[in-house]
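Those letters in the sequence shown? Residues 3 to 177, by the numbering used here.
A virtual CB, placed ideally from N, CA and C, is assigned to each residue, including glycine.
One structure is given here, and the rest of the page talks about it.
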Amino acid sequence: MSDLSVCNGTKLGLKGVYTLIIRFAQPCKTRIRDHRSAVIGRGLYLYTGSALGAGSSSLEARIGRHLRRRKKKFWHIDRILACKSARVVSVVFAETICKMECKVNAALLRDSHTSALFARVGSSDCRCSSHFLLAKQSLLSVRRRVRAHYREEGLAPQVVGKPRTVFMANSRQLW
Ligand SMILES: [Zn+2]
Numbered sequence: 003m004s005d006l007s008v009c010n011g012t013k014l015g016l017k018g019v020y021t022l023i024i025r026f027a028q029p030c031k032t033r034i035r036d037h038r039s040a041v042i043g044r045g046l047y048l049y050t051g052s053a054l055g056a057g058s059s060s061l062e063a064r065i066g067r068h069l070r071r072r073k074k075k076f077w078h079i080d081r082i083l084a085c086k087s088a089r090v091v092s093v094v095f096a097e098t099i100c101k102m103e104c105k106v107n108a109a110l111l112r113d114s115h116t117s118a119l120f121a122r123v124g125s126s127d128c129r130c131s132s133h134f135l136l137a138k139q140s141l142l143s144v145r146r147r148v149r150a151h152y153r154e155e156g157l158a159p160q161v162v163g164k165p166r167t168v169f170m171a172n173s174r175q176l177w
């Protein structure tokens, strides 16, 4: 586990790229996009995004928003995370001022242990096949591989194992 600069609450408003590791304890039927319903099966999934703004558009605020249950459903990922059986169990992130989400996502897509089961989720404004990927390994292995892909892209990944504790508390003052 990393010693996180955001943990101490002194450094807020980071910019960067992040990957949510989401566990579905049970299958969930939901409308992800285009009003079509889909069933997300049990397992671990990855969602990669970036937050390059300040305040409510900062990295901590964005991740904090993903973790909040009550919010307007704005993005595809909001509908996915609204599933009762979905829980963000880990977050990998790296500070950067560059738009790295598609590069990281592409690296994750090339990984033989991931697959884009649901097309065009979270990728309305890019060319990626999807930003929501199934990860077919244990949490430990998934975390390790995600970190390795971050490093391949020249990033310095940090891992948060208890995202609710870290991001809910620290991002509150940014909302
Ligand atoms: Zn993309």
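For ligand 1, residues whose Cβ lies under 7 Å from any non-hydrogen atom:
Listed along the chain, these residues meet the criterion: E103, C104, N107, S125, C128, R129, C130 and H133.
Just to confirm the assignment, what range does the alpha helix (DSSP H) spanning L111 have? Per DSSP, L111 belongs to the alpha helix (DSSP H) from E103 to R112.
Notebook entry, point to check: Going by Cα to Cα distance, which pick from G124, A53, E97 and P29 is closest to R156?
Noted result: In the sequence as presented, Arg is not what sits at residue 156; that position holds Gly. That would be E97, whose Cα lies nearest to the Cα of G156.
Please name the residue, chosen from I42, L22, Y20 and W77, that lies closest to C30 on a Cα-to-Cα basis. If we check each option's Cα against that of C30, I42 comes out closest.
query = Cβ atoms of V90 and L69: under 8 Å apart, would you say?
reply = Yes, the Cβ-Cβ distance between L69 and V90 is below 8 Å.
Out of L16, R44, V19 and L22, point me to the one whose CA is closest to Q28's CA.
Nearest of L16, R44, V19 and L22 to Q28, Cα basis: R44.
**Item:** Beta-carbon proximity check, A137 vs L83, cutoff 8 Å
**Value:** With a cutoff of 8 Å on beta-carbon distance, A137 and L83 are scored as not near each other.
key: Boundaries of the alpha helix (DSSP H) in which V148 is found, first to last residue   = It spans L141 to E154 - the alpha helix (DSSP H) in which V148 sits, taken as one unbroken run.
* Asked: So, helix, strand or coil for V123, using DSSP?
  -> V123: coil per DSSP, three-state reduction.
Open item on the list: In whole angstroms, give me the CA-to-CA distance for I23 and V93.
Closed with: Rounded to whole angstroms, I23 to V93 spans 6 Å at the Cα level.
Check your understanding: Would you call the region 132-146 and the region 46-61 touching, i.e. three or more CB-CB distances under 8 Å?
Key -> The region 132-146 makes contact with the region 46-61, as at least three CB pairs between them are under 8 Å.
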